[in-house]
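Chains as they are written, first to last, in our numbering: chain G, 85 to 356; chain E, 85 to 356; chain D, 85 to 356. Working notes for the structure below.
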Amino acid sequence: VHPEKGFFDDVIVDPLPGRAAKPRQAGLTMVIDKGLGLSETEGILLTAHAYVDYWKLPFGTPALYGRGYLSQKVALLRRFGLDVYPGGTFLEVAVLQGRVEPFLDRCREVGFTAVEVSDGTIPLDPRERRRIIREARNRGFRVVTEIGKKEAHLRLTHAQIHRAIEEDLAAGAERIIVEGRESGVAVGVYDEAGAIQEDELAKILSGVKDPATLIWEAPQKSQQEDFILRFGPNVNLGNIPPGELLALEALRRGLRGDTLKACLPKAAGEAR
Amino acid sequence: VHPEKGFFDDVIVDPLPGRAAKPRQAGLTMVIDKGLGLSETEGILLTAHAYVDYWKLPFGTPALYGRGYLSQKVALLRRFGLDVYPGGTFLEVAVLQGRVEPFLDRCREVGFTAVEVSDGTIPLDPRERRRIIREARNRGFRVVTEIGKKEAHLRLTHAQIHRAIEEDLAAGAERIIVEGRESGVAVGVYDEAGAIQEDELAKILSGVKDPATLIWEAPQKSQQEDFILRFGPNVNLGNIPPGELLALEALRRGLRGDTLKACLPKAAGEAR
Amino acid sequence: VHPEKGFFDDVIVDPLPGRAAKPRQAGLTMVIDKGLGLSETEGILLTAHAYVDYWKLPFGTPALYGRGYLSQKVALLRRFGLDVYPGGTFLEVAVLQGRVEPFLDRCREVGFTAVEVSDGTIPLDPRERRRIIREARNRGFRVVTEIGKKEAHLRLTHAQIHRAIEEDLAAGAERIIVEGRESGVAVGVYDEAGAIQEDELAKILSGVKDPATLIWEAPQKSQQEDFILRFGPNVNLGNIPPGELLALEALRRGLRGDTLKACLPKAAGEAR
């Protein structure tokens with residue numbers, strides 16, 4: 085599936101320039117899909133496949149689909165060139181039950197192209213974490229890992245975060261997701277109102293060599309806007325609801341008021 | 085339509101055990117569908133029919149569909165074995181207009197299998213309420229009733245709630261819905277922030293013989309989580325948005341962080 | 085496409101009477117569609133086409149569809165008799181880039197039947213605004229304009245609002261949209277909680293000859309309810325999510341508790 089020409093390509097240029105096209109190494113968008121049907125999934129892909137890279141079937145939802153339907157859905161997503169993977173919590177359950185290897189084998193059968201390794205809910209020994217990453221890589225999966233606890237009172241220290249990122253990448257992870265949950269509230273870099281906490285953000289970034297390895301879970305529009313205004317159109321963003329893909333892409337390109345305003349000559353926005 | 089085997093059935097067991105399969109008498113899920121098209125409805129049913137029992141077309145929305153389309157939609161839902169019914173407010177309008185009998189007859193023509201009897205907005209004499217329940221039963225409908233006023237200042241006393249529940253069941257109601265509205269805020273057992281008020285919950289339960297007769301309207305994820313952690317995977321929950329069915333089922337089974345955490349060995353969740 | 089008869093037409097009358105049918109000059113509903121696929125769009129139209137008049141593809145999202153898919157989508161919407169137009173911000177980008185004429189020509193090629201002229205983000209000289217309205221009219225578009233700044237600190241004076249409304253109508257605009265954004269918070273007539281500010285509303289209305297020329301962006305249910313209770317079932321409302329069309333129509337007709345309560349005999353709502 086190739087991106088098709090748009091009606092306005094030769095009329096309007098993106099106000100926020102530099103948005104990367106596929107295949108791209110930055111500016112990745114990860115969707116959280118809590119159970120769309122096949123035809124709805126196809127409709128979204130036909131409108132927005134060029135604007136999404138990772139497609140997550142979150143939590144243990146892959147266990148809840150019938151075999152035939154899940155196979156078809158994953159095959160559809162792969163036909164559009166996406167990486168598809170189950171939620172990290174599902175692998176955490178496999179860890180708890182001592183079933184990591186059969187779990188990974190089954191993910192292969194389903195057709196998933198990637199897996200997420202996390203310890204948002206369970207405790208996970210760093211050596212075991214690295215071993216799982218390598219097991220997944222050995223089976224041909226791309227690996228994303230996630231940093232962060234789902235419960236606010238279990239917040240990691242920055243030293244822990246930096247060490248985990250380095251170790252994950254060394255073990256073969258491609259990307260590191262910074263936890264934001266489906267809500268974007270009181271978790272990761274977000275405060276109780278969903279606003280980015282400056283010092284949290286700065287401290288995480290202080291120990292990261294290449295910020296493009298990070299994917300920020302940013303389910304709320306204000307969070308997406310904030311990341312784009314800080315880091316530009318090619319920041320990696322995750323936990324995007326499927327129906328928000330075009331709206332997010334418009335934000336990335338300055339084609340929406342919230343980011344267009346940053347492209348105005350300094351005085352222009354203030355006058356009338 | 086039979087539930088299909090999943091890919092992970094023989095690899096992972098539900099962390100929160102005991103989730104009832106269909107046909108089930110507890111663990112019911114009721115969806116609120118504000119107007120999905122046929123193909124979208126079918127897509128959701130194909131992914132999630134095993135996880136939903138009642139399908140509500142809320143308020144007076146059944147009046148707003150064309151005849152042919154509504155017939156097809158209700159037939160589709162019945163083909164998947166669901167009970168389908170119009171919102172309680174619609175019957176309240178029929179009461180106000182003295183049209184209960186023709187209303188029930190027309191519901192039969194549509195193909196609805198159940199009706200909801202409520203007085204969330206109108207005043208309704210208890211004898212008239214019982215009469216309507218019996219009229220509906222006589223026409224072959226399953227009957228659910230709803231307890232609770234939509235306006236916070238009209239809150240019922242617990243004696244009123246307990247009497248209404250007993251009388252409804254005696255008159256032939258199968259289930260009693262506890263009002264939570266579409267929002268889950270400042271209504272029924274919820275406070276202004278959508279949190280469950282302990283004393284309200286306790287008082288309602290104090291007068292109820294079999295809590296499995298109650299369906300809790302719980303539109304917010306935090307509310308679903310709270311009910312599952314209190315009462316287990318087979319609590320009856322209602323006003324679930326159609327796109328949340330797999331996410332709710334994952335919650336019920338401990339396949340999502342919010343309920344998985346309750347399945348960890350006591351110390352495990354705290355350590356890293 | 086003609087409206088089909090409903091099952092309850094001869095059984096129930098609308099509690100809130102007087103809802104206008106199509107073709108109508110008041111009671112218009114404008115949808116904000118952030119990227120629905122074709123089959124989902126068709127499903128919504130088959131259930132709700134009688135309850136929607138304007139269909140907006142907001143911000144610059146029209147730039148992000150493939151040509152073929154966008155053509156098909158707009159043609160589908162037109163087949164149901166709707167006016168279809170791109171978000172006002174998209175035209176603002178064209179203004180910034182000095183590309184208004186080619187932009188309008190391209191909108192014609194796409195099949196859009198209307199355009200929105202706004203200055204929610206950019207500054208726009210009133211003469212230039214009137215010139216764009218006339219350019220659009222000359223190309224056969226219906227024109228809606230929008231009044232209001234997206235940023236709270238740029239709020240217009242009421243004299244500015246009244247002059248802009250008069251000038252827009254004189255230049256050929258059919259309707260004036262009062263900015264409410266997708267959120268309905270801290271913008272236009274809404275305060276930080278999304279509630280209507282009485283004095284803002286009164287001051288806007290004080291200078292408007294025919295309130296039916298105004299379309300109020302009212303994305304939240306409480307806002308829709310408030311407008312219907314103030315101005316009746318035929319108030320013009322915009323930025324309605326596509327999945328809310330039946331719910332909104334039920335509100336307009338008193339077929340939902342929030343507006344049904346206003347139709348009760350005075351004492352009735354209070355008693356039990």
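Every residue gets a Cβ at the ideal spot worked out from N, C-alpha and C, and that includes glycine. Bear in mind the structure is a predicted one, so any value in this text is a computation, not a measurement.
Length at least 3, wholly inside the stretch 88 to 116 of chain E: the beta strand (DSSP E) runs in chain order: Listed in chain order, the beta strand (DSSP E) elements of length 3 or more contained wholly in the stretch 88 to 116 of chain E are 113 to 116.
On the three-state DSSP scale, how would you describe Pro349/E? The count along the second sequence starts at 1 and reaches residue 349/E at position 265. Residue state, collapsed to three classes: coil.
Just verifying my parser: in three-state terms, what is the DSSP assignment at Glu200/G? Counted from its first residue, the first sequence places residue 200/G at position 116. Three-state DSSP puts Glu200/G in a strand.
Leu129/E versus Leu161/E: straight-line alpha-carbon distance, rounded: By 1-based counting over the second sequence, the position of residue 129/E is 45. By 1-based counting over the second sequence, the position of residue 161/E is 77. Using only the alpha carbons, I get a separation of about 8 Å.
Using a Cβ-Cβ cut-off of 8 Å, state whether Glu126/D counts as contacting chain E. By 1-based counting over the third sequence, the position of residue 126/D is 42. True, the Cβ-Cβ gap to chain E drops below 8 Å.
Sheet register partners of Lys140/G (DSSP bridge): Numbered from 1 along the first sequence, position 56 holds the residue referred to as residue 140/G. Its beta-bridge partners are Ile116/G, Tyr169/G.
Cβ-based neighbour list, Pro326/G, same chain, cut-off 7 Å, excluding 5 preceding and 5 following: Within the first sequence, residue 326/G is the residue found at index 242, counting from 1. The answer, listed in chain order, is Val115, Asp117, Leu120, Ile128.
Could you tell me whether any Cβ in chain E is nearer than 8 Å to the Cβ of Ile249/D? The sequence position of residue 249/D within the third sequence is 165, counting from 1. Closer than 8 Å: no.
Just the chain G side, please: which residues come within less than 7 Å of Arg340/E by C-beta, in chain order? Residue mapping note: residue 340/E aligns to position 256 of the second sequence, counting from 1. Going along chain G in sequence order, the residues near Arg340/E (Cβ under 7 Å) are Phe143, Gly144, Thr173.
Kindly list, in the order they appear in chain D, the residues whose Cβ is closer than 8 Å to that of Tyr153/E. Here residue 153/E refers to the residue found at position 69 of the second sequence. Correct list: Glu88, Leu130, Thr131.
Taking DSSP as the reference, what is the three-state secondary structure of Val269/E? Taking the first residue of the second sequence as position 1, residue 269/E is located at position 185. DSSP places Val269/E in coil when its eight states are reduced to three.
Residues bridged to Thr229/D (per DSSP): Numbered from its first residue, the third sequence carries residue 229/D at position 145. Answer is Val201/D, Ile260/D, bridged to Thr229/D.
Classify Gly127/E as helix, strand or coil using the three-state DSSP reduction. By one-based count along the second sequence, residue 127/E stands at place 43. Of the three classes helix, strand and coil, the one that applies to Gly127/E here is helix, per DSSP.
Residues in the stretch 98 to 119 of chain D having any Cβ partner in chain E nearer than 9 Å: Answer set for the stretch 98 to 119 of chain D: Asp98, Pro99.
If we count Cβ pairs, one from each stretch, closer than 8 Å, do we get three or more for the stretch 175 to 190 of chain E versus the stretch 96 to 107 of chain D? Yes, the stretch 175 to 190 of chain E is in contact with the stretch 96 to 107 of chain D.
Per DSSP, what kind of secondary structure is Asn323/E in: helix, strand or coil? Here residue 323/E refers to the residue found at position 239 of the second sequence. In the structure shown, Asn323/E adopts extended strand secondary structure according to DSSP, grouped into three states.
Could you check what DSSP says for Glu309/G in three-state terms: helix, strand or coil? As a working note, residue 309/G is residue 225 in the first sequence. In this structure, Glu309/G counts as helix in the three-state DSSP scheme.
Using a Cβ cut-off of 8 Å (strictly closer), state whether Ala346/G contacts chain D. The residue you call residue 346/G lines up with position 262 of the first sequence. Chain D places no beta carbon closer than 8 Å to that of Ala346/G, leaving this residue out of the contacts.
Any idea which residues DSSP pairs Glu301/G with across the strands? Position 217 of the first sequence, counted from the start, is the residue given in the question as residue 301/G. DSSP output for Glu301/G lists Gly322/G as bridge partner(s).
Using a C-beta to C-beta distance shorter than 9 Å, which residues of chain E count as neighbours of His135/D? On the third sequence, residue 135/D is found 51 positions in, with the first residue counted as 1. Per the sequence presented here, residue 135/D reads as Tyr, with His not at that position. Leu148, listed in chain order.
Shortest alpha-carbon distance to Val262/D belongs to which of Thr173/D, Gly182/D, Ile245/D? In the third sequence, counting from the first residue as 1, residue 262/D sits at position 178. Selection Thr173/D, Gly182/D, Ile245/D evaluated against Val262/D yields Ile245/D as nearest (Cα-Cα).
Could you pull the start and end residues of the alpha helix (DSSP H) that Val194/D belongs to? Working through the third sequence from its first residue, we reach residue 194/D at position 110. For Val194/D, the enclosing alpha helix (DSSP H) starts and ends at 184 to 194.
Whose Cβ in chain G lies nearer than 8 Å to the Cβ of Pro186/D? Taking the first residue of the third sequence as position 1, residue 186/D is located at position 102. The answer, in chain order, is Val95.
CB Glu301/D to CB Arg336/D, shorter than 8 Å? Reading the third sequence from its first residue, position 217 is the one you call residue 301/D. Reading the third sequence from its first residue, position 252 is the one you call residue 336/D. Not a contact, by the Cβ cut-off of 8 Å.
Quick check: what's the CA-CA separation for Glu124/E versus Leu141/E? Position 40 of the second sequence, counted from the first residue, corresponds to residue 124/E. Position 57 of the second sequence, counted from the first residue, corresponds to residue 141/E. For Glu124/E and Leu141/E, the gap between their C-alpha atoms comes out near 15 Å.
What's the C-alpha gap between Asp167/E and Asp342/D? Reading the second sequence from its first residue, position 83 is the one you call residue 167/E. Reading the third sequence from its first residue, position 258 is the one you call residue 342/D. Taking the straight line from one Cα to the other gives about 26 Å.
For Ile280/G, name the three-state secondary structure that DSSP assigns. Reading the first sequence from its first residue, position 196 is the one you call residue 280/G. In this structure, Ile280/G counts as strand in the three-state DSSP scheme.
Spatial distance of Pro186/D from Leu348/G (CA atoms): Position 102 of the third sequence holds residue 186/D. Position 264 of the first sequence holds residue 348/G. Their backbone Cα atoms lie some 21 Å apart in a straight line.
Starting from Gly152/D, trace the alpha helix (DSSP H) both ways and give me its first and last residue. Mapped onto the third sequence, residue 152/D falls at position 68. Annotation for Gly152/D: the continuous alpha helix (DSSP H) segment containing it runs 151 to 163.
Any non-hydrogen atom of the ligand ATP within 7 Å of Phe164/G CB: The ligand ATP is absent from the structure shown, which contains no ligand whatsoever.
Of the residues Lys345/G, Ile231/G, Thr131/G, Ile260/G, which one's Cα is nearest the Cα of Ala331/G? Residue numbering aside, residue 331/G sits at position 247 when the first sequence is read from its first letter. If we check each option's Cα against that of Ala331/G, Thr131/G comes out closest.
First and last residue of the alpha helix (DSSP H) that includes His237/G? Here the question's residue 237/G lines up with position 153 in the first sequence. Where His237/G is concerned, there is no enclosing alpha helix (DSSP H), given that its DSSP letter is neither H nor E.
Any beta carbon from chain D within less than 8 Å of Leu180/G's own beta carbon? Translated into positions along the first sequence, residue 180/G becomes position 96. False, the Cβ-Cβ gap to chain D never drops below 8 Å.
Alpha carbon to alpha carbon, how far is Leu344/E from Gly338/E? The sequence position of residue 344/E within the second sequence is 260, counting from 1. The sequence position of residue 338/E within the second sequence is 254, counting from 1. Straight-line Cα distance between these residues: approximately 4 Å.
So which residues on chain G does Arg337/E lean against when the C-beta distance must stay under 9 Å? For the purposes of this step, residue 337/E is taken as the residue at position 253 of the second sequence. Taking a Cβ-Cβ cut-off of 9 Å, the neighbours of Arg337/E in chain G comprise Gly144, Ala147, Leu148, given in sequence order.
Length of the line joining the Cα atoms of Asp310/E and Arg213/G: Here the question's residue 310/E lines up with position 226 in the second sequence. Here the question's residue 213/G lines up with position 129 in the first sequence. One alpha carbon belongs to Asp310/E, the other to Arg213/G, and they sit about 31 Å apart.
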